[in-house]
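Line order of the protein sequences matches chains A and B.
Residues in the first sequence are numbered from 10 upward in steps of one, following my numbering.
Residues in the second sequence are numbered from 10 upward in steps of one, following my numbering.
All C-beta atoms, glycine included, are put in the ideal place defined by N, C-alpha and C.
Contents: one structure, followed by commentary.
There are 2 protein chains.
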Amino acid sequence: MSSTSESASSLLRFFDEKRDSILDDLFTFLRFPSISTDPVYRSEVAACADWVCKYCRQSGLTAELWPTAVHPVVYAEWLDAGPDKPTVLLYGHYDVQPVDPLDLWDSPPFEPVIRAGQIYARGAVDNKGQCFYVIQALRALLERDGKLPVNVKLFLEGEEETGSKGVSEILDERSKQLKADYLLVVDSGIERLERPSVTIGYRGLTQLTVRVMGSNTDLHSGIHGGIAINPIHALVQMLSSARDASGTITIPGFYDGVVELTEEERSKIDFDFDEADYSTTFGASTAGGEQRYRPLESAWLRPTFEINGISGGYTGDGFKTVIPAVATAKISCRLVPEQDPEIIGKSVADFLQSVAPEGIEVHVDVGHGGKALRTTPNGKIVQASANAITDVCGIPCLYILTGGTIPITASLAEAAGAEVALIGYALPTDRLHAPNEHFGVDRFRLGLATVGRILELLA
Amino acid sequence: MSSTSESASSLLRFFDEKRDSILDDLFTFLRFPSISTDPVYRSEVAACADWVCKYCRQSGLTAELWPTAVHPVVYAEWLDAGPDKPTVLLYGHYDVQPVDPLDLWDSPPFEPVIRAGQIYARGAVDNKGQCFYVIQALRALLERDGKLPVNVKLFLEGEEETGSKGVSEILDERSKQLKADYLLVVDSGIERLERPSVTIGYRGLTQLTVRVMGSNTDLHSGIHGGIAINPIHALVQMLSSARDASGTITIPGFYDGVVELTEEERSKIDFDFDEADYSTTFGASTAGGEQRYRPLESAWLRPTFEINGISGGYTGDGFKTVIPAVATAKISCRLVPEQDPEIIGKSVADFLQSVAPEGIEVHVDVGHGGKALRTTPNGKIVQASANAITDVCGIPCLYILTGGTIPITASLAEAAGAEVALIGYALPTDRLHAPNEHFGVDRFRLGLATVGRILELLA
Chain A
10 MSSTSESASS LLRFFDEKRD SILDDLFTFL RFPSISTDPV YRSEVAACAD
60 WVCKYCRQSG LTAELWPTAV HPVVYAEWLD AGPDKPTVLL YGHYDVQPVD
110 PLDLWDSPPF EPVIRAGQIY ARGAVDNKGQ CFYVIQALRA LLERDGKLPV
160 NVKLFLEGEE ETGSKGVSEI LDERSKQLKA DYLLVVDSGI ERLERPSVTI
210 GYRGLTQLTV RVMGSNTDLH SGIHGGIAIN PIHALVQMLS SARDASGTIT
260 IPGFYDGVVE LTEEERSKID FDFDEADYST TFGASTAGGE QRYRPLESAW
310 LRPTFEINGI SGGYTGDGFK TVIPAVATAK ISCRLVPEQD PEIIGKSVAD
360 FLQSVAPEGI EVHVDVGHGG KALRTTPNGK IVQASANAIT DVCGIPCLYI
410 LTGGTIPITA SLAEAAGAEV ALIGYALPTD RLHAPNEHFG VDRFRLGLAT
460 VGRILELLA
Chain B
10 MSSTSESASS LLRFFDEKRD SILDDLFTFL RFPSISTDPV YRSEVAACAD
60 WVCKYCRQSG LTAELWPTAV HPVVYAEWLD AGPDKPTVLL YGHYDVQPVD
110 PLDLWDSPPF EPVIRAGQIY ARGAVDNKGQ CFYVIQALRA LLERDGKLPV
160 NVKLFLEGEE ETGSKGVSEI LDERSKQLKA DYLLVVDSGI ERLERPSVTI
210 GYRGLTQLTV RVMGSNTDLH SGIHGGIAIN PIHALVQMLS SARDASGTIT
260 IPGFYDGVVE LTEEERSKID FDFDEADYST TFGASTAGGE QRYRPLESAW
310 LRPTFEINGI SGGYTGDGFK TVIPAVATAK ISCRLVPEQD PEIIGKSVAD
360 FLQSVAPEGI EVHVDVGHGG KALRTTPNGK IVQASANAIT DVCGIPCLYI
410 LTGGTIPITA SLAEAAGAEV ALIGYALPTD RLHAPNEHFG VDRFRLGLAT
460 VGRILELLA
């Protein structure tokens, strides 16, 4: 029993009436192998940007390419709603992940096909499909009303899958053009179609490489065992001391300033989590976080200290009785909004130096980081998104967060001076970044109507 | 001022008079690339064994090859000293280590040359050079006296550098032929030429591979960080808990039955150790053992728990924010005589299982081990060796041990029912197992006389 509004119905009808031509155009978009991380595809990425830019113009927007040191941004706008109407910045990306292993695809990744209502192609959901329903929403509103209800800026980057380095370098100089009241990031997902939701935050990230040195050469573990300090021992002791038995991170200053959500805020978020289903799907227990938090509280609201890689000595077949000269670990911390990536990176580095055994040399490199983003369920863009989703789906919208990081978004929100919400209709089963990536035509249709309704509700 | 006996002098003279022809023959021996670990060299190992066997016959011994599943043993004997004389089993090996990196050799490894009194070749000291002075000692005695002072059995294996698997399989069936009163292992070394010594023990070994599994697939550290248990975290915690801050191993049962040397025994052993020199040479601190032991006490008399390798997740360039499915470590424990390799292997495996976090799956494989060997400074073969060294070198002989493991020796001693001593003139600077391996002609000469004198003193 749907309570969908008349406006939502008309937007859904727009898709139903133009279904074939919209999907034709989407398939053209999907056929560009716009793999941003591989220099071999540089000209294909550029051709894709050109095509999107022209498509935006044909859709009634002003559009241009913003060059960066890596791949261009497609920037489009429609600013005729008048100065009393808010400006909404819409974010997406037209680049895609690599496709290997190619032999695991049931159909070629750049030859989109529909099977059982699902569009199969690299980028079908991440993020070309979602980008494209944003453009179609603008077309639908322009066709129906002759205008948009708000001023709109569209920012489609070509580097999301490869670190957004070039984009991040142009945000300062473009900040005037990016100014907006609201930023709607359409690159997110929901847990299940029956539980539509708006994403009100993600975690930040800091990354470190640790090298622990015990000697100037690999040593024979018989001759030297009991004399020389083994750097693997040192490393495991150092890393082990960063967390206590309850999963709490013991690094001084790590939780400084971290604020717990109020009960009221917490009560609005859908922490529903099926532990049995998780354990079946991933073969993993759910005890990896701080013991006093439930799994999704831990993954969304709490920072982590994660060892992403470790190596040292010999781990091939058989044995080599060596005390290696060096051992290495890669560490990343997922961060909450009160934590600055650089400060936390330094705290972790200082901690590791402080717990290193005497006679062990420790080098820590702090790598690229990104800030967390969290917005409030009470903010206007979040409210509009939730109401639009409820309207379009006919089911009350929930609030969720994600534990991952979308580094450019926080910077973009800062450059734009905008309040943020993240929406999208990706499902955990859509095989993002994997073979047989797909996206439901039904969800494309919902996305189109949702974006249209959000813009109306913000007017 | 040397107090060398008349007999020692005559043995040294034997070398001096035949120097060129002995070195010629040694060079022939050294030219065989008898690399036992690499199947490519199988026929060269066999040719080397043939040559040694024939050389033993030419030297006045009865000699034959004992085939094994890997490489043959050269077995030679001279048993005409009479039943009232003891039988001495002499151990050495004719196989060598691989030679790479070849470009770091100043001269080709299988083209022996003498530079500044040192013979440069793979196997020069480990163990062909030392093997060969044993044979020359027998020649010298036979030539001088027309007989040997004791019954002699010579056991030269071809697998020492590759685990002695084939040899260990034939010891039982050969035990009658191997019966001896004394076993003299001539594959050892001294710390400095000014401190000649006999080696009265080495440590045993047990080896383990640990695999720690947290999930059925690598997981995204953003989405899953705070939910799934990271197996690298589990592994570092498990490994870290095996040792306390004082370096003591906390595995239950690990030290069970381990006996400390008496003050009297300890006082006979040369624990002299130059920490500053060690730190300069290896760039390593000497705090790797249990705090209450001095470095060489720790390396010779105490067992260790050493992580020889660790791996998991991503440690290449850049970052991959992954929670890996699996992490792995290779562990070895050096053991003292009271520790059984299998029992300790099982104790370590049980301990790791017991400290694994819930939800983490742990597989431990216990690999090939070997028992420790320790003999007493008061034993007859050790006394004879010490007295012979003192006589030949003209300096009082000291007692040392080694922290390494010569797995076959304990089994050989057991099969022979013999009391053991280990001698040799290798120096720590001889580059065993490394490019530019070398051995001093002066030490070859001392070795020859030493072996001859030991046999005389045992008569």
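Residue from the options whose Cα sits closest to the Cα of residue i
i	options	result
I4/B	V221/B, R275/B and V267/B	Lying outside 10 to 468, the shown extent of chain B, residue 4/B is not represented and no answer is given.
D34/B	W75/B, C140/B and L99/B	C140/B
E274/B	I409/B, I369/B and R153/B	I409/B
L270/A	P240/A, Y302/A and T289/A	Y302/A
I128/B	R462/B, E465/B and H447/B	H447/B
G292/B	T289/A, S173/A, G354/A and I236/A	I236/A
P416/B	Y100/B, I398/B, G132/B and V49/B	Y100/B
E120/B	E315/B, T37/B and L244/B	T37/B
F231/B	G213/A, R452/A and V245/A	The residue you asked about is not Phe; residue 231/B is Gly in the sequence shown. Checking every option, the nearest Cα to that of G231/B belongs to G213/A.
Q186/A	E86/A, L151/A, S224/A and G322/A	E86/A
Residue-chain proximity (residue i, chain A), Cβ-Cβ < 9 Å
i	result
G449/B	no
Q216/B	yes
R452/B	no
A435/B	no
N136/B	no
F280/B	no
S11/B	The pLDDT assigned to S11/B is 48, lower than 50, so where the model puts this residue is not dependable; a value taken from the coordinates is nonetheless given after this. Chain A, which has no Cβ nearer than 9 Å to the Cβ of S11/B, makes this no.
I332/B	yes
E315/B	yes
E299/B	yes
Own chain, CB closer than 7 Å to residue i, minus 5 neighbours either side, in chain order
i	result
G256/A	G298, E299 and Q300
G456/A	Q139, Y142 and Y434
W75/B	P81, V82, Y84, I179 and R183
E118/A	Looking at the sequence itself, residue 118/A is Pro, so the reference to Glu does not match. Counting only Cβ-Cβ distances below 7 Å, and skipping sequence neighbours, we find V108, A130 and R131.
G376/B	Q216, L217 and T218
E465/A	S16 and P158
Spatial neighbours of residue i in its chain, beta-carbon cut-off 6 Å, leaving aside the 5 residues before and after
i	result
A308/B	G412
F282/B	P304 and L305
S197/B	T208, L431, I432 and G433
V345/B	V267, P312 and A381
I144/B	S68
L192/A	L98, A422, A425, A427 and V429
A146/B	L457, V460 and G461
N317/B	K339 and S341
Within-9 Å CB hit, residue i to chain B
i	result
K380/A	no
A336/A	yes
I432/A	no
H372/A	no
I238/A	yes
R204/A	no
Environment of residue i [buried if 16+ CB atoms lie within 10 Å]
i	result
A78/B	exposed
H442/B	exposed
S206/A	buried
D104/B	buried
S116/B	exposed
D25/B	exposed
D374/B	exposed
S471/A	In the structure displayed, chain A extends from 10 to 468; residue 471/A sits before or after that span and is not available.
E169/B	buried
P333/A	buried
L113/B	exposed
E367/B	exposed
S552/A	Because residue 552/A is not part of the residues shown, which for chain A are 10 to 468, the question remains open.
Chain E residues whose Cβ lies nearer than 9 Å to that of residue i
i	result
L248/B	No chain E is present in this structure, whose protein chains are A and B.
- Item | Against chain B: residues of the segment 100-112 of chain A by CB proximity under 8 Å | None of the residues of the segment 100-112 of chain A has a beta carbon lying less than 8 Å from any beta carbon of chain B.
- Task: Please list the residues of the segment 143-171 of chain A that have a C-beta atom closer than 8 Å to any C-beta atom in chain B, keeping them in chain order.
- Result: Listed in sequence order: no entries.
- Chain-ordered residues of the segment 116-129 of chain A with a beta carbon less than 7 Å from chain B: Hits within the stretch: zero.
- Task: Give, in chain order, every residue of the segment 401-435 of chain B whose Cβ lies closer than 8 Å to some Cβ of chain A.
- Result: Here the close residues are T411, G412, G413 and T414.
- Query: Relative to chain B, which residues along the segment 220-233 of chain A have a C-beta separation below 9 Å, given in chain order?
  - Reply: Of all residues in the segment 220-233 of chain A, M222, G223, S224, N225, T226, L228, H229, S230, G231, I232 and H233 have a Cβ within less than 9 Å of some Cβ in chain B.
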